[in-house]
Amino acid sequence: MLEIRDLHVHYGGIHAIKGISLQVPRGKIVTLIGANGAGKSSTLRSVAGLVKDRKGQIRWGEADLIGWTPERIVRAGVALCPEGRRIFPQLTVQENLMLGAYIRCDVPGIQTTLDWVYELFPRLKERSWQKGGTLSGGEQQMLALGRALMSKPDVIMMDEPSLGLAPLLVKEVFDIIETINGQGKTVLLVEQNAFAALKVAHYAYVLEVGQIVLEGPGRQLLDDPRVKEAYLGG
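In structure tokens, the structure reads:
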């Protein structure tokens, strides 16, 4: 289980995360929803070791990830698919994917994972030779997800995977999230598309200005009038 306990994050004089606590059980999809600036991305970046000014505990099994480097966190089985995709536009699809496996030395295992990623994303296999920057927005999102999966994580954190995508592609991305979860991956999902996120999440947390204000099973929060009014348009 990934567990956050009393996490505080500061950016200069800004107190972005104000003592949140949450749990991500193995094999589940947990989502964080909230408005812009609520602290969702800061939470994921803290778990990934990309935020230095943080206090509290981030427990992964028996270990506390606070103070660990991002590379050590990836090696421990926790990967981040960042907001904005952040692919390498001048590298091919396959080169981008192989960079996701940079921590691994098991060549046969890397090929097995690559085959699995291509099975999840057939369009990436068709375009394996193509430069990442020439892909469509949806294909670049698939590439970013595939790259994170190449590290063979136990937990994959996804930051706004549906951002900027057409509705049909949004549905495809969420179908893939459920498929990944069904194949044993734990998912911590940050999304502004609250409706889609709550539909797939086993459990959800609602963040407002750095604090958790609501939590519960995803489907339950879908019917909560407070969530409907604030995030689902009433």
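Position 142 of the sequence shown, counting from 1, maps to 142 under UniProt numbering, and the rest follow consecutively.
Quick reminder that beta carbons are idealized off the backbone N, C-alpha and C, glycines included.
Out of the options, which has the shortest C-alpha to C-alpha gap to residue i?
i           : options              : result
residue 119 : 186, 48, 176 and 64  : 176
residue 161 : 97, 191 and 39       : 191
residue 172 : 154, 38, 141 and 209 : 141
residue 180 : 224, 113 and 129     : 113
residue 219 : 11, 9 and 31         : 31
residue 129 : 166, 103, 105 and 91 : 91
residue 11  : 5, 52 and 34         : 52
Beta-carbon within less than 7 Å of residue i's beta-carbon, same chain only, minus the 5 sequence neighbours each way: which residues are those?
i           : result
residue 1   : 23, 24, 25 and 26
residue 28  : 186, 202 and 203
residue 184 : 27
Residues in its own chain within less than 8 Å of residue i by CB, not counting five upstream and five downstream?
i           : result
residue 7   : 17, 19, 20, 21, 43, 46, 54, 55, 56, 57 and 58
residue 224 : 214 and 216
residue 193 : 162 and 170
Can the beta-carbon of residue i be found closer than 8 Å to that of residue j?
i           : j           : result
residue 151 : residue 197 : no
residue 135 : residue 143 : yes
residue 73  : residue 49  : yes
residue 109 : residue 137 : no
residue 77  : residue 153 : yes
residue 207 : residue 157 : no
residue 159 : residue 70  : no
Compute the beta-carbon to beta-carbon distance between residue i and residue j, rounded to the nearest angstrom, for a pair I have assumed lies under 8 Å.
i           : j           : result
residue 204 : residue 215 : 7 Å
residue 155 : residue 124 : That pair is no contact at about 22 Å.
residue 89  : residue 132 : 5 Å
Would you identify the three-state DSSP class for residue i, choosing helix, strand or coil?
i           : result
residue 124 : helix
residue 52  : coil
residue 29  : strand
residue 115 : helix
Under 6 Å Cβ to Cβ from residue i, same chain only, skipping five residues before and after it: list those, please.
i           : result
residue 147 : 96, 97 and 100
residue 227 : 221
residue 169 : 138
residue 3   : 23 and 59
residue 127 : 93
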